[in-house]
Amino acid sequence: MASTKEISQQKLSLGAGLVSLLGRVALAVGIPLIAFYVLYLGFIFLRDSNAPRGVIALVAIVWGVGGVAALYWVFNDLVERLSDAWKSRLLPFVFVGPAMAILAWYLAIPTLRTFWISLFDRNGPPEGLNLFQQLTSDSFVGLSNYAAVFTESLMREAFRNNLLWIIFGSTFSVIFGLVIAVLADRSRIENAAKSLIFLPMAISFVGASIIWNFIYEYRPAGQPQVGLLNAIVTSLGGQPQAWPQWVAISPWNNLFLIVIVIWLQAGYAMVLFSAALKGIPEEILEASRIDGANEFQIFFKIMIPSIRGTIISVWTTIVIFTLKIFDVVWVMTGGQFGTHVIATQFYRQAFTNRNSGFGAAIAIVLLIAVIPVMYYNLKQFREREAF
Amino acid sequence: MKSGKRQKLLGSLFVNGTLLLLVILWTVPTLGIFISSFRNRNDIAVSGWWNVFPHREWKVTREIDPVAAGLNPDGVMEVEGVSGTFDQFRAGLTTPEGERLIWVGNKRIGRIQVQEKVWTVSWNFTLDNYRQVLGGQNFEFTRPDGTVEVVPGDNMAGAFLNSLAVTVPSTVIPILIAAFAAYAFAWMNFPGRRTLFIMVVALLVVPLQIALVPILRDYRALNLNGTFLAIWLAHTGFGLALATYLLYNYISSLPRDILESAFIDGASHFTVFTRLILPLSLPALASFAIFQFLWVWNDYLVALIFLGGNPEFELVTQRMAAIVGARGQDWHLLTAGAFVSMILPLAVFFGLQRFFVRGLLAGSVKG
Numbered sequence: 001m002a003s004t005k006e007i008s009q010q011k012l013s014l015g016a017g018l019v020s021l022l023g024r025v026a027l028a029v030g031i032p033l034i035a036f037y038v039l040y041l042g043f044i045f046l047r048d049s050n051a052p053r054g055v056i057a058l059v060a061i062v063w064g065v066g067g068v069a070a071l072y073w074v075f076n077d078l079v080e081r082l083s084d085a086w087k088s089r090l091l092p093f094v095f096v097g098p099a100m101a102i103l104a105w106y107l108a109i110p111t112l113r114t115f116w117i118s119l120f121d122r123n124g125p126p127e128g129l130n131l132f133q134q135l136t137s138d139s140f141v142g143l144s145n146y147a148a149v150f151t152e153s154l155m156r157e158a159f160r161n162n163l164l165w166i167i168f169g170s171t172f173s174v175i176f177g178l179v180i181a182v183l184a185d186r187s188r189i190e191n192a193a194k195s196l197i198f199l200p201m202a203i204s205f206v207g208a209s210i211i212w213n214f215i216y217e218y219r220p221a222g223q224p225q226v227g228l229l230n231a232i233v234t235s236l237g238g239q240p241q242a243w244p245q246w247v248a249i250s251p252w253n254n255l256f257l258i259v260i261v262i263w264l265q266a267g268y269a270m271v272l273f274s275a276a277l278k279g280i281p282e283e284i285l286e287a288s289r290i291d292g293a294n295e296f297q298i299f300f301k302i303m304i305p306s307i308r309g310t311i312i313s314v315w316t317t318i319v320i321f322t323l324k325i326f327d328v329v330w331v332m333t334g335g336q337f338g339t340h341v342i343a344t345q346f347y348r349q350a351f352t353n354r355n356s357g358f359g360a361a362i363a364i365v366l367l368i369a370v371i372p373v374m375y376y377n378l379k380q381f382r383e384r385e386a387f
Numbered sequence: 001m002k003s004g005k006r007q008k009l010l011g012s013l014f015v016n017g018t019l020l021l022l023v024i025l026w027t028v029p030t031l032g033i034f035i036s037s038f039r040n041r042n043d044i045a046v047s048g049w050w051n052v053f054p055h056r057e058w059k060v061t062r063e064i065d066p067v068a069a070g071l072n073p074d075g076v077m078e079v080e081g082v083s084g085t086f087d088q089f090r091a092g093l094t095t096p097e098g099e100r101l102i103w104v105g106n107k108r109i110g111r112i113q114v115q116e117k118v119w120t121v122s123w124n125f126t127l128d129n130y131r132q133v134l135g136g137q138n139f140e141f142t143r144p145d146g147t148v149e150v151v152p153g154d155n156m157a158g159a160f161l162n163s164l165a166v167t168v169p170s171t172v173i174p175i176l177i178a179a180f181a182a183y184a185f186a187w188m189n190f191p192g193r194r195t196l197f198i199m200v201v202a203l204l205v206v207p208l209q210i211a212l213v214p215i216l217r218d219y220r221a222l223n224l225n226g227t228f229l230a231i232w233l234a235h236t237g238f239g240l241a242l243a244t245y246l247l248y249n250y251i252s253s254l255p256r257d258i259l260e261s262a263f264i265d266g267a268s269h270f271t272v273f274t275r276l277i278l279p280l281s282l283p284a285l286a287s288f289a290i291f292q293f294l295w296v297w298n299d300y301l302v303a304l305i306f307l308g309g310n311p312e313f314e315l316v317t318q319r320m321a322a323i324v325g326a327r328g329q330d331w332h333l334l335t336a337g338a339f340v341s342m343i344l345p346l347a348v349f350f351g352l353q354r355f356f357v358r359g360l361l362a363g364s365v366k367g
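Heads up: the protein sequence lines correspond to chains A and B, in order. Quick note: the first sequence uses the working numbering, first residue 1, plus one each step. Quick note: the second sequence uses the working numbering, first residue 1, plus one each step.
What follows is the structure in structure tokens.
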């Protein structure tokens, strides 16, 4: 009797177990399916809907942010249903997986693909062929895109201009940043002054270009000048000029564009220098003052050597920045009047001329130019262990 | 002792004076377009924005009719103690009292104006520029002569909403993904941990230009080009390496015992992450969020390439660049538009300056 009871109980628990297993499987499969379906509906809605702009923006924000959070939750939930051994094996990949996938898709693999594309003519590697067939096709041009990068006259102009950007842009940003940081350190208006100086960092390049275009605004001589620079020049008896477009002084008309980046970046330099200066022990400064050093000696012999590391890392950061400069030139002159830089050439070749091979070669050259500077910078970060 | 005091005073004068000069130099460009954006369209076109400050300007006080005064324009004329030829009067002559005499009109039926320098301000402020640049509808503008011109609005309001729809997810998504990854790198054990992290650091160097050509091909193949998803993912991809690296630095420095006691209490990794790590990392998350927000909001290149084909989804930077290209002389629109595009970044900047500085010091500079 007892055994039949047990058996029926076993049967019962087997049935219940089966039901609960089925339920778990259904949940495990069903929740992700529902989640994916809802996300897909949201995607279609955003792509095709004609709803008012505000509604679309709101749905986009909720869908985008909520969707990503939901995906993590769903995958975590799935993995947590597994046995402990599998859980500890799989869970880390739920956490790092999405980041690695996106980095691979957007940065790692594109680097290889761009290099590959740079070996082919304007249409890139022909589609539908395997690697070997691509190599033997007529589109394969070897390194000749790279040869063109270094010989084409507009490219040479771009390299020359980028050199100007690096030399003047980064050097003056650092000098102004340093001077302002030192002055602000001794001033009573320190915080207000610093806020106003690094305010331009919040402004877009497009916005900054408009601001400076307005300063350079040109009206023919005799008419009232509404641009500040020309108003000053004419009131001093000079001739008004369309400064960035002034080809007669090429390549120095680039300086009128470089000023914009100095204006934007000096604040960044200032913030880092300010923090570094505050790290110099007060006793050292006090001791050298007692020894009779004047303020200039203190500046050159004590302050600059003690924040040398910061100065170099700020300088290299701005060098990278100026190497990749695009928006300012594109909005101000579109690269005309002898103001092309590497990044505008890249855009012109890759997207305006639709010459993928050439554009890709420029991008690779840009990458190679950036690597040593960035490597140095990262080493600095390591040593500082910021945050 | 006395000379020491004097030197100190001079020193502080030099420091504050130079600093003030630099601050003015840095502020004037922004101030110029801010003031201009509120000026009347006609004023912007004919006078500099600095005319809103008190300045001296020639004002006509009375007019002399040369015929009635019996003057002969062909010879030397004498008026109010000044003598000169017609051409000299046309250019303007100054009387000993400081007034200016100027001949307006032609030789036969012209008049001589007597002008006086007076202090004046040009305070004819208006919100019309903002109305025109924000609105999507036609906008009526009354010219000084009374005629009405109908001009299309620039729909910056729409672009503003688009920018919001692009920027908010493009800020939150990479931070969320990076925080999960940073947590795993810092507190979980799995094969390939070191290799993967070194890969993340190595990818910090890759300029985004590298990715544009291949990703655009993928987007065309997937039919994603011109959608919000496309640009969110792109910004996520381009910001993720730095976000992971910075958040790892922060999360790995959190005290180990807090987490261990949570695990002993039976908490899962997911719970520890959402309940403990995220709240504790708030300062780091906030400083990176500000930077990612500013990059995405101010970005032009990525939007140009991945949203460029879809005018409905134009962002503020694209809208502004389009106005510069099409109507680069319309300063009443450009100045107002530039300010609309700057208002949110400036609010974020001033509201969260503490985190902004903190983020800068931690290395939030996009490579």
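Every residue, glycine too, gets a C-beta built ideally from N, C-alpha and C.
- Residue contact with chain B for A:Asp291: absent (no Cβ-Cβ distance below 9 Å to any residue of chain B).
- The alpha carbon of A:Leu367 has as its nearest neighbour, out of B:Gln209, B:Phe273, B:Gly84, B:Arg275, the alpha carbon of B:Gln209.
- Note that the region 299 to 311 of chain B does not touch the region 260 to 268 of chain B; fewer than 3 beta-carbon pairs, one per stretch, sit closer than 8 Å.
- When B:Val302, B:Asp265, B:Phe185 are compared, the shortest CA-CA separation from B:Thr236 is found for B:Val302.
- Residue range 77 to 79 is occupied by the beta strand (DSSP E) that includes B:Met77.
- A Cβ-Cβ separation of about 21 Å leaves B:Trp50 out of contact with B:Gln115 under the 8 Å criterion.
- At least one beta carbon of chain A lies nearer than 9 Å to the beta carbon of B:Gly328.
- For A:Tyr72, the closest C-alpha among the options A:Ile325, A:Val29, A:Trp315, A:Leu91 is that of A:Leu91.
- The beta carbons of A:Ala361 and A:Ser118 sit about 4 Å from each other, so the pair counts as a contact at 8 Å.
- B:Leu360 has a beta carbon lying within less than 9 Å of a beta carbon in chain A.
- B:His55 carries a strand assignment under DSSP once its states are collapsed to helix, strand and coil.
- Considering only B:Val296, B:Arg6, B:His269, B:Gly110, the residue with the shortest C-alpha distance to B:Leu71 is B:Gly110.
- Collapsing the DSSP output to three states places B:Lys5 in a helix.
- Residues Ile215 of the same chain have their beta carbon placed closer than 7 Å to that of A:Leu228, with the five preceding and five following residues left out of the count.
- Judged by DSSP secondary structure, B:Trp331 falls within the alpha helix (DSSP H) whose first and last residues are 331 to 351.
- B:Gly359 has its alpha-carbon roughly 27 Å from the corresponding atom of B:Thr271.
- According to DSSP, residue pairing for B:Gln115 in a beta bridge involves B:Val60, B:Arg100.
- For B:Met342, the chain A residues whose Cβ falls inside 8 Å of its Cβ are Ala202, Ile203, Ser204, Gly207, in order along the chain.
- The residues Arg111, in chain order, have a CB closer than 8 Å to that of B:Gly105 in the same chain once the five nearest residues on each side in sequence are set aside.
- Straight-line measurement puts the Cα of B:Thr94 at about 22 Å from the Cα of B:Arg108.
- B:Thr236 has no beta-bridge partner at all, per DSSP.
- As computed with DSSP, B:Arg327 is found in no beta bridge at all.
- Residue pairing of B:Arg39 in beta bridges, as defined by DSSP: B:Phe125.
- Following the DSSP letters along the chain, one finds A:Val329 inside the alpha helix (DSSP H) bounded by residues 327 to 332.
- Cβ proximity to chain B below 7 Å picks out Ala57, Ala60, Ile61, Gly64, Val65, Val68, Ala69, Tyr72, Asn76, Glu80 from the region 57 to 86 of chain A.
- According to the DSSP assignment, A:Ser195 belongs to the alpha helix (DSSP H) that extends over 190 to 198.
- Using a CB distance below 8 Å, the part of the region 12 to 25 of chain B facing chain A consists of Ser12, Val15, Asn16, Thr18, Leu19, Leu20, Leu22, Val23, ordered along the chain.
- Taking the beta carbon of B:Val200 as reference, the chain A residues within 7 Å of it are Leu103, listed in sequence order.
- Sequence-distant partners of A:Phe140 (beyond 5 residues in either direction) whose C-beta falls short of 7 Å from its own C-beta, in its chain, are Leu119, Phe120, Gln134.
- In the structure shown, A:Phe337 falls within a coil segment according to DSSP collapsed to helix, strand and coil.
- B:Tyr245 is classed as buried because its beta carbon has at least 16 other beta carbons within 10 Å across all chains shown.
- Using a CB distance cut-off of 9 Å, B:Gln113 does not count as an interface residue toward chain A.
- Close CB contacts of B:Arg56 within its chain, under the 8 Å cut and outside five residues either way in sequence, are with Lys117, Val118, Trp119, Thr120 (chain order).
- Around the beta carbon of B:Leu240, a 10 Å sphere encloses 16 or more other beta carbons of the protein chains shown; the residue is thus reported as buried.
- Around the CB of B:Arg354, fewer than 16 other CB atoms lie within 10 Å, so the residue is classed as exposed.
- Taking a beta-carbon distance threshold of 9 Å, B:Thr244 counts as an interface residue toward chain A.
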